[in-house]
Structure formats: structure tokens, C-alpha cells
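Number of protein chains: 4
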Amino acid sequence: MRNKDFITGKVPITKEEVRAISINKLDLLNAKTFIDVGAGTGSVSIEAGYSYPNLKVIAIERNDDAYELVNKNKEKFNLKNVEVIKAYAPIKLDGDIKADAIFLGGTGKKLEEIIDWSKELLVPGGRLVANFIIIDTFYEMLRLIKEKGFKEIDVTVLNVAKLEKLGTGEYFKPHNPIYIISCEKGVE
Amino acid sequence: MRNKDFITGKVPITKEEVRAISINKLDLLNAKTFIDVGAGTGSVSIEAGYSYPNLKVIAIERNDDAYELVNKNKEKFNLKNVEVIKAYAPIKLDGDIKADAIFLGGTGKKLEEIIDWSKELLVPGGRLVANFIIIDTFYEMLRLIKEKGFKEIDVTVLNVAKLEKLGTGEYFKPHNPIYIISCEKGVE
Amino acid sequence: MRNKDFITGKVPITKEEVRAISINKLDLLNAKTFIDVGAGTGSVSIEAGYSYPNLKVIAIERNDDAYELVNKNKEKFNLKNVEVIKAYAPIKLDGDIKADAIFLGGTGKKLEEIIDWSKELLVPGGRLVANFIIIDTFYEMLRLIKEKGFKEIDVTVLNVAKLEKLGTGEYFKPHNPIYIISCEKGVE
Amino acid sequence: MRNKDFITGKVPITKEEVRAISINKLDLLNAKTFIDVGAGTGSVSIEAGYSYPNLKVIAIERNDDAYELVNKNKEKFNLKNVEVIKAYAPIKLDGDIKADAIFLGGTGKKLEEIIDWSKELLVPGGRLVANFIIIDTFYEMLRLIKEKGFKEIDVTVLNVAKLEKLGTGEYFKPHNPIYIISCEKGVE
Numbered sequence: 001m002r003n004k005d006f007i008t009g010k011v012p013i014t015k016e017e018v019r020a021i022s023i024n025k026l027d028l029l030n031a032k033t034f035i036d037v038g039a040g041t042g043s044v045s046i047e048a049g050y051s052y053p054n055l056k057v058i059a060i061e062r063n064d065d066a067y068e069l070v071n072k073n074k075e076k077f078n079l080k081n082v083e084v085i086k087a088y089a090p091i092k093l094d095g096d097i098k099a100d101a102i103f104l105g106g107t108g109k110k111l112e113e114i115i116d117w118s119k120e121l122l123v124p125g126g127r128l129v130a131n132f133i134i135i136d137t138f139y140e141m142l143r144l145i146k147e148k149g150f151k152e153i154d155v156t157v158l159n160v161a162k163l164e165k166l167g168t169g170e171y172f173k174p175h176n177p178i179y180i181i182s183c184e185k186g187v188e
Numbered sequence: 001m002r003n004k005d006f007i008t009g010k011v012p013i014t015k016e017e018v019r020a021i022s023i024n025k026l027d028l029l030n031a032k033t034f035i036d037v038g039a040g041t042g043s044v045s046i047e048a049g050y051s052y053p054n055l056k057v058i059a060i061e062r063n064d065d066a067y068e069l070v071n072k073n074k075e076k077f078n079l080k081n082v083e084v085i086k087a088y089a090p091i092k093l094d095g096d097i098k099a100d101a102i103f104l105g106g107t108g109k110k111l112e113e114i115i116d117w118s119k120e121l122l123v124p125g126g127r128l129v130a131n132f133i134i135i136d137t138f139y140e141m142l143r144l145i146k147e148k149g150f151k152e153i154d155v156t157v158l159n160v161a162k163l164e165k166l167g168t169g170e171y172f173k174p175h176n177p178i179y180i181i182s183c184e185k186g187v188e
Numbered sequence: 001m002r003n004k005d006f007i008t009g010k011v012p013i014t015k016e017e018v019r020a021i022s023i024n025k026l027d028l029l030n031a032k033t034f035i036d037v038g039a040g041t042g043s044v045s046i047e048a049g050y051s052y053p054n055l056k057v058i059a060i061e062r063n064d065d066a067y068e069l070v071n072k073n074k075e076k077f078n079l080k081n082v083e084v085i086k087a088y089a090p091i092k093l094d095g096d097i098k099a100d101a102i103f104l105g106g107t108g109k110k111l112e113e114i115i116d117w118s119k120e121l122l123v124p125g126g127r128l129v130a131n132f133i134i135i136d137t138f139y140e141m142l143r144l145i146k147e148k149g150f151k152e153i154d155v156t157v158l159n160v161a162k163l164e165k166l167g168t169g170e171y172f173k174p175h176n177p178i179y180i181i182s183c184e185k186g187v188e
Numbered sequence: 001m002r003n004k005d006f007i008t009g010k011v012p013i014t015k016e017e018v019r020a021i022s023i024n025k026l027d028l029l030n031a032k033t034f035i036d037v038g039a040g041t042g043s044v045s046i047e048a049g050y051s052y053p054n055l056k057v058i059a060i061e062r063n064d065d066a067y068e069l070v071n072k073n074k075e076k077f078n079l080k081n082v083e084v085i086k087a088y089a090p091i092k093l094d095g096d097i098k099a100d101a102i103f104l105g106g107t108g109k110k111l112e113e114i115i116d117w118s119k120e121l122l123v124p125g126g127r128l129v130a131n132f133i134i135i136d137t138f139y140e141m142l143r144l145i146k147e148k149g150f151k152e153i154d155v156t157v158l159n160v161a162k163l164e165k166l167g168t169g170e171y172f173k174p175h176n177p178i179y180i181i182s183c184e185k186g187v188e
């Protein structure tokens, strides 16, 4: 999906190239349940729900504006498989929910708690994918997933630049470098 | 899909991050027919065919080794919806084929012919996506699609680096910068 | 020199990392005369004049604000060896001036004329260095210097990002990618 | 100086763009003494000594092959102002040496000791510049210089790619991303 497909407000939206890679690394094709933590505009949740109609998507977002945006985008694309929860992760989820994949897009101060909670929720072999622009949080996450025994750790730094007009010519306008971590809960 | 999922030989394989973005830009979700020109190892064809079981994929590849690899990967993933044609594009396709999306991954000297042929084959609004590492070919393609009236031109340069071990530490090993062009055949 | 050392206004200043590389590629250590075309804030002229007191620096700048800035910076660093000319290059220079090195930082529409004029002015083996963010102009320059027989062509694309505060953490804020071309007038 | 100017062996050489920026950040113009720790091929020492004939350069290198290379390059450029010491930093230097600038190009396991030793040796306002490709060491250095009260901390990540021939075209071949840290010993 293109970024212009989404209703956005002042909430920063994951850029489409970053979203494409992140969703790809989540391996959602045969997944049943996907949790999007700190959903922001919800673009990851929405594209996941739209691309995989049989997938159950749970988007968790605590910010008022962002929460509303996810709901607006959910409506725009008429997605029945996306549930939006207004809360500050980690939270206790109803029922006996297990996740095949979890995405961390807006992790703040509770990084370790969220990683532990993700490990609890993930099925064996389940995928955990996270995006960072802050190097401190990136580095902390990398340390934590190694320490906590996640497997198949893959770390990418992505520098995207887009061709834009400038005067009578065109130049490559750079986006912020993004660190993408993906890993799996091991099969014990 | 991860790069390690594919059978590869000496044929260079599109890196998984580049493939994820390229497939995303092809908008295959509701597409019927997709043509992959210069399929290489076929990773784009295979991932497209695997991710979208209702999509008809036509992979065109003239190189012997590459042709065999696409077939091996097709077998590995047991894909009935991928047809592999050993030929040097542009070629005349049987029947009255129209494409919703075309990917150029291995365009060589016949760039303008292939673009004209793509425009013929594409349905109105159909997507043309191309990857380049050679700057000459990238610029030439950009010039040609503008001249030939393609719409929604979007140009990305992608610098991916992957964390790898070096001695007792880790460093970001860079991949070659890739230029990704996507555009649409206009609706007349 | 650090960027904060310079008086700047609304005129864009060459970033210090780009300036360091460009001046390095100009090989000014044993040069007598250096011409800076489209001097902008004059940071390249000023750093060159400051670093090499025996070098004669000629800065050509047509923009009013920029012209004034070069002069202000010249004064700030008390540089007697920097001459600032308010003009639109190429111009006829007084006397029998030959240049050991020429820098193009703000080339606009007269690219080919400026390259020809540079070739005239340069001593055999003299260095021509140029910075671009516009890809069209970069590519045109590359084509022209090949066509006109410049030697030792070296092309760098430079992606610089600087660590900056963001909330309670730090992220790498990217600068625009810069194309740096350097080459030499051959010795006939 | 160009990389081809140096005698190199199997010892990895700092790329010329990285060297230009690093030397620039060392502010050697009015410096008296510069120490290059882990000199490698010595390209930083040699270019510093060559560019600033009045500068005293002390290159410390423990590796046999690298030590010999620094000496060979010193001879090639006939530099009387470069002293090469075969040792594993930190070491006690003769006399009452104070440094205006210190460069860390090959810091291994003794990072904290070397930073402490650098702080001892530097004059107030003296410059400490370091290059890293290993992210662990980069982060550790950043943490340590903050902790130890260094000032004017400036952190750059540099992605350089060079245009090279590929088949009948040209592509940008990427170098490893380099983290460049520069800072100053505060004036107490």
C-alpha cells in the first residue's frame, strides 16, 4: 500500500518502504494472530489486515489522536479483522490469546517488559519485529533479545531516499535511517 | 520470505529487503497476471506466486542456469501458478495476455523495447516496477517512462546494511545501493 | 573548520564533512591559485584560504546575500589571500591567471560553459572538483568531463548523518546525499 | 592525498574520504603534537605529517606488518616530523609530552584505558577523534566520553559509495559505514 492511501494526521506514519520490509519479516502469510504494539497511525495494522483477510490483527495504541486514526483507517478500508485497543502496552489480553507475530513500532520506556510480554504471547517460532530510529533503544533491544534467547536474529539498517523536485531538477531526499530487528521465539 | 528459503546457485539473488519493497510496489493483492522479466533466481516470481495463490505469474529468463533455478524454486514451493519461459524479453506471449503488473529485474540492452512492450501488455492503471544498480540504466529508464507518459512515478534509492560478526564485535555490512522505480500505465 | 565557525545567513552552507572531502580532493597543499565558482557562503573559499596562507583564492559569487557573506567571513578570519568577485561564472579573469584547482559548488544552467572555461584556466594536471545534490546535473557533469577528456575521474556519493537528540534519546539525522566528482585536466 | 599515493600491504587502509574528514576534525592547523593510536598503514599519520610540516606526529602501532608500512610510507614521503613507535597503546611516552590532538583508528580491547590516557595527554581544548566500524565499540566510546566529561561531542555516520565499472555500465560500490566521533577535552 502507498502512504497516500492512509488517512494521516499529525501522527508520524511508518514510511511505505519500511512498512513493506517489516510486514515481510513478520511472515504473516500463514499466521492467525498478529499484535501491533504502539500502532501509531496504524499503517502496519491496516496493511496487515487488508493484505491477509484471514489474519486477526490486534492494534494497541495509547495516544488519543493515534487511536482515532487507526480506527478511521480501519473504517476506510472496511476491515473487520482489525481490533483496536486503547491502552499502554504491555497489557493483559482477554482469553487465551497467542500471537504468531508481534510488531513493535513505538516502544518507549517499557522495552524490557514489552519484550518479556511478547515472549509470553508468541507461539514457538513466532516472529518479533521492531523498528527504531533512536540508537539507544535499538541497541538496548539487540542486547535484550540476545540475553533472552531469541533466535534467528536479523538486523538491518535501512537508508531510504526518495527522488523529489528541487528547482528545475530532482534530488534524493533522505528519510531517517531505520533499524529493523527481527527474531523468533525459539522452539523449546 | 527469507533469502535462505531459496535455492540459489551462482546466480545473484535479489536481497530480501529489496524484494519485499518491489513486490509491495507491484500491488499484487487484487492482480490477476504478473510478468517477471529477467527473473534471475526467480525469487520475485516465487515469492509473488507463493504469497498470492490466485495470481498467475509468468517468469521470463533467458540464462540457462537462472532458468533452471527458477524451476527448482518453483518445485521446492510446489507452485502451480508460476509459468517459466526460457526466452529473451521482449517476446510475443501466447493468447490475449494482459498484465496487471510487470517487474524488470534484469534489464539489459533492450530497455526501450521492453518498456514499450510493457506498456502494451499492461492494463490501464497497471504497475511497472524496476530495480537497478547500474546508474546509466536507472537514468535511462527514468527518462523513458517520463517521455512515454507513465504516471505516479516514484523513485527510491535504497541503502541496506546488515549486521554481521567481525572479530568479537558486529558491524553493518552494506549491500549495493538499489534504485527502485515504480510507475503506472495511465488510464486513457 | 567546524560549520559553527562561519557566519551564515539564509544561504545554504556546504556541510563540514562535504567541505573537508572536497578540499582534500582539490589537492591545495602545493597549489598557487584556486578558484571557487558559486561560492555560496564561501565556506570552501574561506577554509581553503585559512588552511593555506600562501594560496591565492578567487571566489566568484553572483548572489547578493551570498557575496556579502563571503566578504563577512573573509573579514572574520582576516584573510588577505581571498579575493571575492561578484559575477556570474564563467567570466573573463584579469591578467594571465591559471588555476591549480577549481571547485564548482553552485553550478546552475551554464554547466558546459563552466567546464570548458575551467579546462582553459586549469594548468595541466590541475584539479576540478564539483558537488551536486541534483542528480540531473551530476549525471550531465559526469558525461561532459568524460567527453571532454578529463582524467583521473573519481565519483563519490556521500551519505552523512549526524547524531542528534530526539526526546530522551539520540538518532542519526541524515543530510542530503551529495555527489562529489573530482578529475584532472590531462597533461598534453 | 589519494589512497593510491600510499604503499599498502594486506593492512586495511583508512579510505581517503574518511581520512579527510577525520584529519579535518582533528584541527591540526595550529597544533604542535598529534598522536595516532593504532596507526595501521599510517595513512592518517602520513597525511597529517605531510600536510603540516611543523606538526610533530607520533604514530603508535603494535602490529609488525603495519609498523613496517608506516615506516615505508614515512620514507616514501620523506617525513622527518613523523615518529613511529612499535607498541601497544596506552604506553608511557618519553619526556613531558602533551598532545593537541589524538586519533584512535584501531582501538581494540583497551578502549577505556586509552580514553583515560588520551585525556591525560591532551592539552585543555585538545581534540580526540575516533573511527569505528564495530557498533559495540562505537557505542562504548560514546558512553565513555560522555561519562568522562569530554565536550563538543560530534558524532557522524558516514556512508561512502564509489562509482565503479560493472559490465558496460557503472554502479556505486558501498564502503562499510564508518562512525566518526570527535570531542574535546574541556578547559578546566
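Chains as they are written, first to last, in the numbering used here: chain A, 1 to 188; chain B, 1 to 188; chain C, 1 to 188; chain D, 1 to 188.
Yeah, the Cβ is synthetic: ideal placement off N, Cα and C, and Gly gets one too.
>> At the level of alpha carbons, what is the spacing between C:I180 and C:A59?
In response: Taking the third sequence and counting its residues from 1, the one referred to as residue 180 of chain C is at position 180. Taking the third sequence and counting its residues from 1, the one referred to as residue 59 of chain C is at position 59. Cα to Cα, the separation comes out at about 19 Å.
> Apart from the five residues just before and just after A:P53, which ones in its own chain have a Cβ nearer than 8 Å to its Cβ?
Replying inline: Stepping through the first sequence from its first residue, residue 53 of chain A is reached at position 53. Result list for A:P53: N81, in chain order.
> Going by beta carbon distance, what residues of the same chain come within less than 8 Å of C:K72, once the five residues before and after it are set aside?
Replying inline: Your numbering for residue 72 of chain C matches position 72 in the third sequence. Correct list, in chain order: I7.
> In chain order, what residues of the same chain have a beta carbon less than 8 Å from the beta carbon of D:V123, not counting five sequence neighbours either side?
Replying inline: Here residue 123 of chain D refers to the residue found at position 123 when the fourth sequence is read from its first residue. Once the five neighbours on either side are set aside, the close Cβ partners of D:V123 are K98, A99, D100, K185.
> Per DSSP, A:V155 forms a beta bridge with which residues?
Replying inline: Here residue 155 of chain A corresponds to residue number 155 of the first sequence, with the count starting at 1. For A:V155, which the question treats as bridged, DSSP gives the partners A:I181.
> Buried or exposed: where does B:Y88 fall if 16 or more other Cβ atoms within 10 Å of its Cβ makes it buried?
Replying inline: The residue you call residue 88 of chain B lines up with position 88 of the second sequence. So B:Y88 ends up on the exposed side.
>> Quick check: is the beta carbon of D:Y171 nearer than 9 Å to any beta carbon in chain B?
In response: Numbered from 1 along the fourth sequence, position 171 holds the residue referred to as residue 171 of chain D. Yes - at least one Cβ of chain B is within 9 Å of the one on D:Y171.
> The beta strand (DSSP E) spanning B:T137 covers which residue range?
Replying inline: Residue 137 of chain B sits at position 137 when you count from the first residue of the second sequence. From DSSP, B:T137 is part of no beta strand (DSSP E) but of the alpha helix (DSSP H) over 135–147.
>> According to DSSP, simplified to helix, strand and coil, what is A:E61?
In response: For the purposes of this step, residue 61 of chain A is taken as the residue at position 61 of the first sequence. Note: A:E61 maps to coil in three-state DSSP.
> What is the C-beta distance between D:K15 and B:N176, in whole angstroms, given that I count them as a contact (C-beta under 8 Å)?
Replying inline: Translated into the one-based positions of the fourth sequence, residue 15 of chain D becomes position 15. Translated into the one-based positions of the second sequence, residue 176 of chain B becomes position 176. Not really, about 17 Å apart at Cβ, beyond 8 Å.
> Alpha carbon to alpha carbon, what distance is there between D:K151 and C:R62?
Replying inline: Here residue 62 of chain C is taken as the residue at index 62 of the third sequence, counted from 1. Here residue 151 of chain D is taken as the residue at index 151 of the fourth sequence, counted from 1. Their backbone Cα atoms lie some 39 Å apart in a straight line.
>> Using a Cβ-Cβ cutoff of less than 6 Å, which residues in the same chain neighbour D:D35 once the five nearest sequence positions on both sides are dropped?
In response: For this step, residue 35 of chain D is matched to residue 35 along the fourth sequence. Note that residue 35 of chain D is Ile in the sequence shown here, rather than Asp. The residues are I58, A99, I102.
> What are the start and end residues of the alpha helix (DSSP H) that includes D:R19?
Replying inline: Within the fourth sequence, numbered from 1, the residue matching residue 19 of chain D stands at position 19. Segment 16–26, the alpha helix (DSSP H) holding D:R19.
> Taking the alpha-carbon positions, what's the C:E164 to C:E170 distance?
Replying inline: As a position in the third sequence, residue 164 of chain C is number 164, starting the count at 1. As a position in the third sequence, residue 170 of chain C is number 170, starting the count at 1. Roughly 5 Å separates the two Cα atoms.
> the ligand SAM heavy atoms versus the CB of B:D65: any closer than 8 Å?
Replying inline: In the structure shown, the ligand SAM is absent, as is every other ligand, since no ligand is present at all.
> A:P177 CB to nearest chain C CB: under 9 Å?
Replying inline: Working through the first sequence from its first residue, we reach residue 177 of chain A at position 177. Yes, because at least one Cβ of chain C sits closer than 9 Å to the Cβ of A:P177.
>> Please report the straight-line C-alpha distance between B:T137 and C:K74, rounded to a whole angstrom.
In response: What you label residue 137 of chain B is simply residue 137 of the second sequence in a count that begins at 1. What you label residue 74 of chain C is simply residue 74 of the third sequence in a count that begins at 1. Looking at the two C-alpha atoms, the distance is approximately 44 Å.
> Per DSSP, what kind of secondary structure is C:N131 in: helix, strand or coil?
Replying inline: Here residue 131 of chain C refers to the residue found at position 131 of the third sequence. Looking at C:N131 - three-state DSSP - the assignment turns out to be strand.
>> I need the straight-line Cα distance from D:Y67 to D:F77, nearest angstrom please.
In response: By one-based count along the fourth sequence, residue 67 of chain D stands at place 67. By one-based count along the fourth sequence, residue 77 of chain D stands at place 77. Distance between the alpha carbons of D:Y67 and D:F77 is about 16 Å.
> Going along the chain, which residues of its own chain have a beta-carbon closer than 6 Å to the beta-carbon of D:L104, five neighbours each way excluded?
Replying inline: Here residue 104 of chain D refers to the residue found at position 104 of the fourth sequence. Closer than 6 Å at the Cβ level, and outside the excluded window around D:L104, lie V37, A130.
> In terms of DSSP beta bridges, what is B:D36 paired with?
Replying inline: Taking the first residue of the second sequence as 1, we reach residue 36 of chain B at position 36. Answer is B:A59, B:F103, bridged to B:D36.
> Is D:G40 closer than 9 Å to D:L79 when the C-beta atoms are compared?
Replying inline: Walking along the fourth sequence from the start, residue 79 of chain D turns up at place 79. Walking along the fourth sequence from the start, residue 40 of chain D turns up at place 40. No, Cβ-Cβ distance for D:L79 and D:G40 is not below 9 Å.
> How many whole angstroms separate the CB atoms of B:A48 and B:L29, which I take to be in contact at a CB cut-off of 8 Å?
Replying inline: In the second sequence, the residue the question calls residue 48 of chain B occupies position 48. In the second sequence, the residue the question calls residue 29 of chain B occupies position 29. Actually they do not touch by this definition, with Cβ atoms about 11 Å apart.
>> Tell me the residue span of the beta strand (DSSP E) that contains B:V82.
In response: As a working mapping, residue 82 of chain B is identified with position 82 in the second sequence. It spans 82–86 - the beta strand (DSSP E) in which B:V82 sits, taken as one unbroken run.
>> Against chain D, with Cβ distances strictly below 9 Å, would B:I135 count as a contact?
In response: Walking along the second sequence from the start, residue 135 of chain B turns up at place 135. Closer than 9 Å: yes.
>> Just to confirm, is the Cβ distance from A:S182 to A:L142 under 9 Å?
In response: If you number the first sequence from 1, residue 182 of chain A lands on position 182. If you number the first sequence from 1, residue 142 of chain A lands on position 142. Not closer than 9 Å, so no.
>> Rounding to the nearest angstrom, what Cα-Cα distance links D:S22 and D:I133 in this structure?
In response: In the fourth sequence, the residue the question calls residue 22 of chain D occupies position 22. In the fourth sequence, the residue the question calls residue 133 of chain D occupies position 133. Approximately 14 Å, taken between the alpha carbons.
> Between B:V160 and chain C, is there a C-beta pair that is closer than 9 Å?
Replying inline: Within the second sequence, the letter at position 160 stands for residue 160 of chain B. Cβ-Cβ to chain C under 9 Å: no for B:V160.
> What's the C-alpha gap between D:V18 and D:L158?
Replying inline: One-based indexing of the fourth sequence puts residue 18 of chain D at position 18. One-based indexing of the fourth sequence puts residue 158 of chain D at position 158. Their backbone Cα atoms lie some 8 Å apart in a straight line.
> Considering C:K173, what are the terminal residues of the alpha helix (DSSP H) in which it resides?
Replying inline: In the third sequence, counting from the first residue as 1, residue 173 of chain C sits at position 173. C:K173 -> not in any alpha helix (DSSP H); beta strand (DSSP E) instead, spanning 169–174.
> My guess is that B:G125 and B:V44 are in contact by the Cβ rule of under 8 Å, so how many angstroms apart are they, rounded?
Replying inline: As a working mapping, residue 125 of chain B is identified with position 125 in the second sequence. As a working mapping, residue 44 of chain B is identified with position 44 in the second sequence. Not confirmed; about 21 Å, so no contact.
> According to the neighbour-count rule (16 or more other Cβ atoms, all chains shown, within 10 Å of its Cβ), is D:G9 buried or exposed?
Replying inline: Within the fourth sequence, numbered from 1, the residue matching residue 9 of chain D stands at position 9. Burial call: exposed.
> Residue range of the alpha helix (DSSP H) that A:Y50 falls in?
Replying inline: Taking the first sequence and counting its residues from 1, the one referred to as residue 50 of chain A is at position 50. 43–51 is the extent of the alpha helix (DSSP H) around A:Y50.
> Assuming A:A31 and B:N24 make a contact with CB atoms under 8 Å, what is their CB distance in whole Å?
Replying inline: Translated into positions along the first sequence, residue 31 of chain A becomes position 31. Translated into positions along the second sequence, residue 24 of chain B becomes position 24. Actually they do not touch by this definition, with Cβ atoms about 17 Å apart.
>> Since A:K162 and B:V84 should fall inside the 8 Å C-beta cutoff, what is the C-beta to C-beta distance between them, to a whole number of angstroms?
In response: Start at 1 with the first residue of the first sequence, and residue 162 of chain A comes out as number 162. Start at 1 with the first residue of the second sequence, and residue 84 of chain B comes out as number 84. Not a contact, Cβ separation roughly 34 Å.
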